[in-house]
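In what follows, a single structure is set out as structure tokens and then discussed.
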Amino acid sequence: MTVFCPECGRRENLTPRNWRCKCGGAWEYEIPDFFDPGQIDTFDSSIWRFRNLFGLEFDNPYVCLGAGWTSLLPAKIENQRVLLKTEYISPTGSFKDRGTSVMINVLIHQGVSHVTDDSSGNAGASLAAYSARAGIRVEIYVPEYASQSKQSQIKVFGAELHPVSGVRKNAKLAALDAAQKGVVLASHAYHPGFLLGQQTVAWEVWEQLGHRAPDWYIVPVGQGVHLLGVWLGFKRLLNASLVNHLPRLIAVQPENLAPICRAIQRGLNHVSAVEQIKPSLAEGLAIDNPVRSQRILQAIRDTNGKCVMVSEDAILSAQRDLARIGFYVEPTSATAVAALRSVSHLINPNEKIVIPLTGSGLKGAPMF
């Protein structure tokens with residue numbers, strides 16, 4: 563299947579070893595720009611209800627764990643009415659399952675039997691689960707400081723877990739080294755199938771809102787694949803004249819590590835790696851320079867969006883506030899709610915705001 567690099571324009575056929583463009587950019591699928599609602603399999607409650615719209619080389623998934631069709635529930639936070647997309651009820655407890663489900667099926671179709679990735683925990687747990695389901699050998703490299711609950715979850719699926727000392731980037735370098743030695747890199751940051759799977763959240767929200775787009779979408783950003791999935795998914799609906807606007811995207815990062823927000827503040831078209839001085843409670847966002855950073859900047863600007871930095875105290879407070887109304891999420895997920903106060907003055911009372919709750923609080927010890 564043809565992929566393209568949005569950074570240099572190169573087009574090639576995707577192979578397991580050809581996991582990124584020669585320029586270093588991340589591939590995206592070159593898929594048809596149509597979106598026919600009649601192609602949705604409404605009897606399927608997983609992301610594979612959209613399989614006829616993926617444009618993949620196979621008709622049905624080889625393996626499935628049921629990711630998708632998460633609830634969209636109303637709540638009132640900071641005196642603001644919002645809709646919470648409960649991504650944390652996915653099979654392994656995070657939104658990553660959408661992307662992994664498509665990526666692992668692409669790799670099975672290509673005959674891959676041994677994969678690796680780096681992760682702060684959620685992507686690793688997701689890849690470990692889907693690899694177990696598929697009978698694929700998997701090695702996961704995590705920072706040594708990653709949540710013990712996440713590390714245990716990775717191991718319980720039978721994955722080979724490799725904790726790496728030092729900063730988050732060291733785990734990435736270790737996975738890349740394994741890929742250089744012949745293991746296939748099944749990267750949640752690089753693989754176009756992973757990004758394709760993330761588009762399904764936009765299509766679900768569109769269905770759940772009665773075939774409309776929300777006005778705002780507030781999302782935590784580490785590698786930014788959820789934000790990009792929402793952007794690309796709604797752009798496809800817009801191009802098909804199925805919505806009349808794109809939601810304004812609000813990217814949220816912790817003050818302790820916010821390379822996207824810093825670039826937006828300075829009006830830059832590129833992102834420079836930012837050194838993390840202090841660790842953040844939002845460990846899933848500890849990415850000093852996201853792989854798809856240029857596309858993230860493009861998505862924010864294309865939707866007249868913003869990037870908001872939040873403090874550690876605000877993250878903890880948001881996690882607590884969500885728990886008090888019945889939603890137990892990890893700090894990474896709570897960052898989106900923590901940003902609500904910073905943008906509420908921009909939102910009209912009748913506008914719809916969607917906030918994805920991306921990861922379960924059971925992934926780590928309670929912080930309060």
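For what it's worth, my numbering labels the leading residue of the sequence shown as 563, then goes sequentially. Even for Gly, the Cβ is constructed at its ideal location relative to N, Cα and C. Because the structure is a prediction, the values reported are computed rather than measured.
- Task: With a floor of 3 residues, list each beta strand (DSSP E) that falls wholly inside the region 573-622, ordered by position along the chain.
- Result: For the beta strand (DSSP E) assignment, the uninterrupted runs of no fewer than 3 residues enclosed by the region 573-622 are, from N- to C-terminal side, 573-575.
- Exposed or buried, Glu649, counting other C-beta atoms within 10 Å across all chains shown (16 or more means buried)? Along the sequence shown, read from residue 1 onward, the residue named residue 649 stands at position 87. So Glu649 ends up on the buried side.
- Task: Go ahead and label Gly791 buried or exposed: buried means 16 or more other beta carbons lie within 10 angstroms of its beta carbon, across all protein chains shown.
- Result: Stepping through the sequence shown from its first residue, residue 791 is reached at position 229. By the 10 Å Cβ count, Gly791 comes out buried.
- Item | Member of Gly661, Val718 and Pro599 whose CA lies at the smallest distance from the CA of Arg774 | Stepping through the sequence shown from its first residue, residue 774 is reached at position 212. Of the candidates Gly661, Val718 and Pro599, the one whose C-alpha sits nearest the C-alpha of Arg774 is Pro599.
- Query: Excluding five sequence neighbours on each side, which residues of the same chain lie with their C-beta closer than 7 Å to the C-beta of Arg582?
  - Reply: Residue numbering aside, residue 582 sits at position 20 when the sequence shown is read from its first letter. If you ignore the 5 residues before and after Arg582, its C-beta comes within less than 7 Å of the C-beta of Ala588, Trp589 and Tyr752, all in its own chain and listed in chain order.
- Message: Could you give the first and the last residue of the continuous beta strand (DSSP E) run that contains Asp679?
- Response: By one-based count along the sequence shown, residue 679 stands at place 117. If you look at Asp679, you'll find it in the beta strand (DSSP E) that goes His676 to Asp680.
- Item | Closest residue to Thr654 among Val668, Leu747, Phe616 and Gly683 (Cα-Cα distance) | Taking the first residue of the sequence shown as 1, we reach residue 654 at position 92. Residue Gly683 is the option with its Cα nearest to Thr654.
- Message: By alpha-carbon positions, which one of Leu902, Trp768 and Leu878 ends up nearest to Pro776?
- Response: Translated into the one-based positions of the sequence shown, residue 776 becomes position 214. Considering only alpha carbons, the answer is Trp768.
- Item | 8 Å CB neighbourhood of Gln785 in its chain, flanking five on each side removed | To locate residue 785, count along the sequence shown from 1; it is residue 223. Within the same chain, Gln785 has close Cβ partners His750, Ala751, Ile849, Pro852, Val853 and Arg854.
- DSSP on Phe719, reduced to helix/strand/coil? Mapped onto the sequence shown, residue 719 falls at position 157. Of the three classes helix, strand and coil, the one that applies to Phe719 here is coil, per DSSP.
- Query: Do the region 868-879 and the region 805-825 touch if we need at least three Cβ pairs shorter than 8 Å?
  - Reply: Yes: at least three Cβ pairs fall under 8 Å.
- Message: Within the continuous beta strand (DSSP E) that includes Ala813, where are the two ends?
- Response: As a working mapping, residue 813 is identified with position 251 in the sequence shown. Note, Ala813: beta strand (DSSP E), Arg810 to Pro816.
- Query: By Cβ distance below 6 Å, which residues in the same chain neighbour Pro841 in space, the five residues on each side in sequence not counted?
  - Reply: Numbered from 1 along the sequence shown, position 279 holds the residue referred to as residue 841. If we look at Pro841 and ignore the five residues flanking it on each side, it has no Cβ neighbours.
- Task: Taking only runs that begin and end inside the region 753-781, name each unbroken alpha helix (DSSP H) of 4 or more residues, in chain order.
- Result: Counting only runs of 4 or more, we get 754-760 and 762-770.
- Message: Can you tell me whether Ala637 is helix, strand or coil according to DSSP?
- Response: In the sequence shown, counting from the first residue as 1, residue 637 sits at position 75. Here Ala637 sits in strand by DSSP.
- May I have a chain-ordered list of the beta strand (DSSP E) segments no shorter than 3 residues that lie completely inside the region 859-930? Taken in chain order, the unbroken stretches of beta strand (DSSP E) that lie wholly in the region 859-930 and span 3 residues or more are 868-872 and 915-918.
- Task: Provide the residue span of the beta strand (DSSP E) that contains Thr632, from first to last.
- Result: Locating residue 632 in the sequence shown gives position 70, where the first residue counts as 1. Neither: Thr632 is in no beta strand (DSSP E) and is coded neither H nor E.
- Query: Hey, how far is the Cα of Asn806 from the Cα of Gln710?
  - Reply: Here residue 806 refers to the residue found at position 244 of the sequence shown. Here residue 710 refers to the residue found at position 148 of the sequence shown. Near 45 Å, if we compare the C-alpha coordinates of Gln710 and Asn806.
- Can you find at least 3 beta carbon pairs, one from the region 674-681 and one from the region 727-738, that sit closer than 8 Å? Proximity of the region 674-681 to the region 727-738 meets the contact definition, three or more beta-carbon pairs being nearer than 8 Å.
- Query: Between which two residues does the beta strand (DSSP E) containing Pro705 stretch?
  - Reply: Translated into positions along the sequence shown, residue 705 becomes position 143. For Pro705, the uninterrupted beta strand (DSSP E) run begins and ends at Arg699 to Pro705, by DSSP.
- Message: In whole angstroms, give me the CA-to-CA distance for Leu738 and Ser727.
- Response: Taking the sequence shown and counting its residues from 1, one reaches residue 738 at position 176. Taking the sequence shown and counting its residues from 1, one reaches residue 727 at position 165. Using only the alpha carbons, I get a separation of about 16 Å.
- Item | Reference Lys717; option with closest CA among Leu689, Ala740 and Val729 | Here residue 717 corresponds to residue number 155 of the sequence shown, with the count starting at 1. Cα-wise, what sits closest to Lys717 is Leu689.
- Message: What would DSSP say about Leu804, mapped onto helix, strand or coil?
- Response: Taking the sequence shown and counting its residues from 1, the one referred to as residue 804 is at position 242. The answer is coil: DSSP assigns Leu804 none of H, G, I, E or B.
- Message: Just to confirm my understanding: we take Ala629, look at its own chain, exclude 5 residues before and 5 after, and list those with CB closer than 7 Å. What are they?
- Response: What you label residue 629 is simply residue 67 of the sequence shown in a count that begins at 1. Excluding residues within five positions, the ones whose Cβ falls inside 7 Å are Ser608, Ile609, Ser652, Pro653, Asp659, Arg660 and Ser663.
- Task: To the nearest angstrom, report how far apart Phe605 and Phe620 are at their CA atoms.
- Result: Residue mapping note: residue 605 aligns to position 43 of the sequence shown, counting from 1. Residue mapping note: residue 620 aligns to position 58 of the sequence shown, counting from 1. Taking the straight line from one Cα to the other gives about 19 Å.
- Query: What residue does the alpha helix (DSSP H) around Arg730 start on, and which one ends it?
  - Reply: The residue you call residue 730 lines up with position 168 of the sequence shown. From DSSP, the alpha helix (DSSP H) with Arg730 extends over Arg730 to Gln742.
- Query: Taking buried to mean at least 16 other C-beta atoms within 10 Å of its own C-beta, is Arg886 buried or exposed?
  - Reply: In the sequence shown, residue 886 corresponds to position 324, counting from 1. The residue is exposed, with fewer than 16 neighbouring Cβ atoms inside 10 Å.
- Task: Indicate the three-state DSSP secondary structure (helix, strand or coil) for Lys712 in the structure shown.
- Result: Locating residue 712 in the sequence shown gives position 150, where the first residue counts as 1. The three-state secondary structure of Lys712, taken from DSSP, is helix.
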